[in-house]
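Using numbering that gives the first Met the number 0, read the sequence shown as starting at 0 and increasing by one per residue. By construction, the Cβ of each residue, glycine as well, lies at the ideal position given by its N, Cα and C atoms. Here is the structure we will look at.
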Amino acid sequence: MLYFDDWVIDELISMIDRGETHKNTSYKLGISESTIPNILRNPYNYRISNKKEYQPKVPLSTNVGPYYRCKECGHEVQMPCKICEIRKYTKFHRMKV
Ligand SMILES: [Zn+2]
């Protein structure tokens, strides 16, 4: 199954709506011409955000302020603890895959 970034799917639909040919759309977005009718029939299936393993990139919080001893990992860090945040994230990620 092929997946495309959401903006690619949106652009594809809007190009076709504007009356662009499949050939032009294919050329501009780098999608095979034969795939375009399939995407138009069911765009939801081709969105990367619909892919089961897809995890949006979560930006880590920016820490400011004094250092505390983290109750969970014992490191001296600015709160919230980035070490624990990364550990939780990778653990979560591993479980999902
Ligand atoms: Zn910690």
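- DSSP places E84 in the helix class (H, G or I) of the three-state scheme.
- At a Cβ-Cβ threshold of 7 Å, I30 and H21 do not count as neighbours.
- Nearest to L11 by C-alpha distance, out of S25, Y2 and L1, is S25.
- For E71, the distance from the CB to the nearest heavy atom of ligand 1 is below 6 Å.
- Excluding the 5 residues flanking it on each side, P42 has same chain C-beta neighbours closer than 6 Å at I8, in chain order.
- Judged by the Cβ position, I82 qualifies as a neighbour of ligand 1 at the 6 Å threshold, a heavy atom of the ligand being closer than this.
- Your pair D5 and R40 does not check out as a contact, with CB atoms roughly 17 Å apart and the cut at 8 Å.
- Inter-residue distance for Y67 and H74 is about 8 Å (C-alpha atoms, whole angstroms).
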